[in-house]
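Q: Quick note, the sequences are listed as chains E and V, same order. Taking my numbering, I'd label the letters of the first sequence as residues 1 to 403. Taking my numbering, I'd label the letters of the second sequence as residues 404 to 806. Quick one: this structure, given as structure tokens, is what I'll be asking you about.
There are 2 protein chains.
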Amino acid sequence: MKTTFNFSKDIELAFKNDPPGQWLSSLPPGCLRLSSGYPDPKFVPSEDIKLAVTRLLNEEKDLPLHYMGSPRILQLKKFLQDRMAQRGVTVTDEEVLVTSGACQAIDLIARILLDEEAVVAIESPTYMEALEIFQNYTEQYITIPIDEEGMQTELLAEMLANRKEKSLSIPRLLYTIPTYQNPTGTTLSFSRRQQLLKLAEQYDFLIIEDDAYGELGFHDRPQLLKAMDTNNRVVYVGSLSKVVAPGMRIGWVVADQQLVDPLNWFKKDLTHPFDQATMASFLEAIDFDEHLTSLIEVYKSKCNVMLTALKEFLPPTVSWFVPKGGYFVWVNIPGVDTSTMLSQAFEAGVSYVPGKYFFLDQEKGLEYLRLSFSYATEEDIVHGVKLLAEIVAVTINAPECEE
Amino acid sequence: MKTTFNFSKDIELAFKNDPPGQWLSSLPPGCLRLSSGYPDPKFVPSEDIKLAVTRLLNEEKDLPLHYMGSPRILQLKKFLQDRMAQRGVTVTDEEVLVTSGACQAIDLIARILLDEEAVVAIESPTYMEALEIFQNYTEQYITIPIDEEGMQTELLAEMLANRKEKSLSIPRLLYTIPTYQNPTGTTLSFSRRQQLLKLAEQYDFLIIEDDAYGELGFHDRPQLLKAMDTNNRVVYVGSLSKVVAPGMRIGWVVADQQLVDPLNWFKKDLTHPFDQATMASFLEAIDFDEHLTSLIEVYKSKCNVMLTALKEFLPPTVSWFVPKGGYFVWVNIPGVDTSTMLSQAFEAGVSYVPGKYFFLDQEKGLEYLRLSFSYATEEDIVHGVKLLAEIVAVTINAPECEE
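In structure tokens, the structure reads:
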């Protein structure tokens, strides 16, 4: 008799969703990658990391290969604390947890705070992996549209007032990427940051500030929500994936110790000494501000190249937000279903991420797509946008076929 | 107003327990470490890993530093599949998931299978981290005592029959370390393996086979439960922590695809390319069987040194199981509370893990302790056991003080 498996009732909800990673297409060979939210390969410091890991193992021998014991594990945490302090957030050891990337951080936070009864407030559109995470915990959401100044907090205020009046549940948690958002590239304005924090206080909810791109501002860096947070409403999530190397899986959480302590109950991959000590060894050998300055110059230039190409090649009905930092340009193409158009793009040799994956209600994202300027070369960006423009032109002009 | 935090009702259960890691004492400097279940530092291949990571980054450049793309990620999986095949378990790609260590594997399995209503069957004593994991999900256990032939499956049979008769819930999951168990060092006999699989079929439960130590047999290697499993009842968990390096966090699950697929829903640390590709690069450059042979010789010798010292120095009332492999000797000291004795051991300069941490009902473990022969040198093992014997002598002869 074939064994049938009985799953936990606690996760039935999760299985209602598509399996994670649906947005992750396998790209045809040679495809110009405007889909990948990867750092620029030329600026992923593989040579410096080779030196760092060599120095680490020469100096520490087996220490970073055990469960614990490498002094550089603490050194990494210290680096992150110093970095936070420079950005206006002074934190004790107990208020920081180093995680295996930002996704794990978001998941651990969701794990300790959410259950089926919880309502989560999310930006619309938002980071697809965060959506996948929250959908493991609850089906209840409120979605706040984004404009060029980020999440429309005045709409959030209305929604909350409305829910209160109707005695509907107030969100327990709000998830935002306030700075150089994924996928829109937008940045929450200062006055909206103030309003958001005020609303969190008024309606008693917590805010996850996902700051994966926050160091990559082309002109300046907005004040962190966490730096404006006087009452520990903000759970900050940082990442070295976009500024050093995602393959080393280094993220971190900064929050009230009452929240950080319980995260450890569920972090069962334990500490990753080899990743963490190698990262610490890398960081001790470089000037991080200088490193950031180089990255910012690169991404700023690539972003400009992409924006110029979009203006040159795309028809005037197509629009986008102008990013002030980060990795992405969010493109609106009225009248085009970007998810059906993807196969043509692949055929032509260019990739993007269809907008639908960034929305809870995927229908809302059909006429959008996310372009990344981070990974491809400037030449490939121009070429890729040109190819995209050709496909868009064909798609817009194609007679609609209804079957 | 100070913010008060409202946690998920789904994890209220978890917080009833002590925070994880209570068994992990901070050792006094210079302490002889008979507590650490760490590999022998001289055989943690830091030089080979330095070469491996250098070769990796020379050949693949930035690839292992991105989210994916390193060919060696697949190569590692292939190595693990080949290894399983050598041990009698032929598996497809879809039946293997590489995890960040065995603990994460156990946690992911628990996550998809357990809820508050689930009963879990565990060996008594058992691995303390597994206990911590299961206690995040359920409060319902049946515990099966261990003797020199491992879990007493005949007692399990009685318990199950009894529960069935009384219409009590049957365990959904049984967790076992059948080979060179942590903490007892015992190995489940072949006939008990057969009985266990038969019971799983008869009573419709799944078995987690935690095989962290399975490659480290001093004489031979018993047949895997997974290799005897004709009906996909066994979820195999492997680890490279005890045979290569725990700091690289490489574990894996082998199970029916129907189980492996859902594990991905909750693995939110994503793939660890730097760890995995470095491990693959290390493995491709060595003769793994030769590497294992060296390790086995080392641990066999250290085990003998420990057993000889125990015989020489400990009083005749003290007893232990003779391990046929692995890292541990489980010592019974009648009349002594090993958890209160620990501070004296630390003062004397030797460490162990008090037995209570390996039991759900900690009272049952008071007169036991776990010694590891894996980490300390042979000289330190002898010295450490001698120190321990002195403390035991003092403790046994001390007048009982009741307050």
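By construction, the Cβ of each residue, glycine as well, lies at the ideal position given by its N, Cα and C atoms. Bear in mind that the values here come from a model prediction, so they are computed numbers and not experimental data.
Quick one, are the C-beta atoms of M151 (chain E) and I142 (chain E) less than 7 Å apart?
A: no
Q: Can you give me the start and stop residues for the alpha helix (DSSP H) that N162 (chain E) sits inside?
A: Per DSSP, N162 (chain E) belongs to the alpha helix (DSSP H) from 153 to 165.
Q: Name the residues in the region 62 to 83 of chain E whose C-beta lies less than 9 Å from a C-beta of chain V; which are they?
A: D62, L63, P64, L65, H66, Y67, M68, G69, S70
Q: For D10 (chain E), tell me which candidate among E:D115, E:T4, E:D48 has the shortest Cα-Cα distance.
A: E:D115
Q: Quick check: P394 (chain V) and S742 (chain V), are their CB atoms within less than 7 Å of each other?
A: For chain V, the structure presents residues 404 to 806; residue 394 (chain V) sits outside this window and is missing.
Q: What does the alpha-carbon distance come out to for the pair A658 (chain V) and Q202 (chain E)?
A: 49 Å
Q: Which of the three DSSP states, helix, strand or coil, is assigned to F621 (chain V)?
A: coil
Q: Can you look up V44 (chain E) in the DSSP assignment and give me helix, strand or coil?
A: If DSSP states are grouped into helix, strand and coil, V44 (chain E) belongs with coil.
Q: Under 8 Å by Cβ, that's how I've got K226 (chain E) and Y213 (chain E) pegged, so tell me the actual separation to the nearest angstrom.
A: The pair is not a contact, with the Cβ atoms about 15 Å apart (cut-off 8 Å).
Q: Tell me the DSSP secondary structure of S777 (chain V) in three-state form.
A: coil
Q: Between which two residues does the beta strand (DSSP E) containing I333 (chain E) stretch?
A: Where I333 (chain E) is concerned, there is no enclosing beta strand (DSSP E), given that its DSSP letter is neither H nor E.
Q: Could you give the uninterrupted runs of the alpha helix (DSSP H) lying entirely in the region 63 to 140 of chain E, keeping only those of 4 residues or more?
A: 71 to 86, 102 to 113, 128 to 134
Q: Considering only C-alpha positions, which residue in the set E:L24, E:R55, E:Q195, E:E12 is nearest to L283 (chain E)?
A: E:R55
Q: Only counting the same chain, and skipping five residues up and downstream in sequence, which positions put a Cβ closer than 8 Å to that of P665 (chain V)?
A: I515
Q: Return the residue from the list V:G768, V:F749, V:C706 that minimises the CA-CA distance to I794 (chain V).
A: Closest option to I794 (chain V), judged by alpha-carbon separation, among V:G768, V:F749, V:C706: V:F749.
Q: For the region 283 to 292 of chain E and the region 128 to 140 of chain E, state whether three or more C-beta atom pairs, one from each stretch, are separated by less than 8 Å.
A: Between the region 283 to 292 of chain E and the region 128 to 140 of chain E there are fewer than three inter-stretch CB-CB distances shorter than 8 Å, so the stretches are not counted as touching.
Q: So I207 (chain E) is in the alpha helix (DSSP H); what residue range does that whole segment cover?
A: Unbroken run through I207 (chain E) is the beta strand (DSSP E), 206 to 210; no alpha helix (DSSP H).
Q: Would you identify the three-state DSSP class for R33 (chain E), choosing helix, strand or coil?
A: Here R33 (chain E) carries a strand assignment [DSSP, helix/strand/coil].
Q: Could you check what DSSP says for T579 (chain V) in three-state terms: helix, strand or coil?
A: strand
Q: What residue ranges within the region 225 to 281 of chain E form continuous alpha helix (DSSP H) runs of no fewer than 4 residues, ordered along the chain?
A: 225 to 228, 257 to 266
Q: Taking only the alpha-carbon atoms, compute the straight-line gap between E158 (chain E) and I122 (chain E) and give it to the nearest angstrom.
A: 15 Å
Q: Please report the straight-line C-alpha distance between I250 (chain E) and F691 (chain V), rounded to a whole angstrom.
A: 30 Å
Q: The alpha helix (DSSP H) spanning T4 (chain E) covers which residue range?
A: Per DSSP, T4 (chain E) belongs to no alpha helix (DSSP H) and is neither H nor E.
Q: Quickly, what does DSSP pair T143 (chain E) with across the bridge? List them, please.
A: E:I122
Q: Using a C-beta cutoff of 7 Å, does L53 (chain E) count as contacting chain V?
A: Note that residue 53 (chain E) corresponds to Val in the displayed sequence, not to Leu. Yes, because at least one Cβ of chain V sits closer than 7 Å to the Cβ of V53 (chain E).
Q: Please name the residue in V:E612, V:P649, V:Q626, V:Q661 whose C-alpha comes closest to that of V637 (chain V).
A: V:E612
Q: Using DSSP with H/G/I as helix, E/B as strand and the rest coil, what is F761 (chain V)?
A: helix
Q: Alpha carbon to alpha carbon, what distance is there between V89 (chain E) and A200 (chain E)?
A: Rounded to whole angstroms, A200 (chain E) to V89 (chain E) spans 19 Å at the Cα level.
Q: Among V:D443, V:Q598, V:R490, V:D678, which one has its Cα closest to the Cα of V701 (chain V)?
A: V:D443
Q: Assess, as a yes-or-no matter, whether the region 262 to 280 of chain E is touched by the region 64 to 82 of chain E under the definition of 3 or more beta carbon pairs within less than 8 Å.
A: yes
Q: Strictly below 7 Å CB to CB, what residues from chain E border M651 (chain V)?
A: L65, F274
Q: Give the DSSP bridge partners of S26 (chain E), in chain order.
A: DSSP lists no beta-bridge partner residue for S26 (chain E).
Q: In chain order, what residues of the region 111 to 125 of chain E put their CB closer than 9 Å to some CB of chain V?
A: R111, I112, L113, L114, D115, E116, E117, A118
Q: Taking 6 Å as the limit between beta carbons, can you name the residues of its chain near L388 (chain E), skipping five residues before and five after?
A: V350
Q: Helix, strand or coil: how does DSSP classify S169 (chain E) here?
A: Coil at S169 (chain E), not helix or strand.
Q: Nearest-angstrom Cα distance between T579 (chain V) and E165 (chain E)?
A: 54 Å
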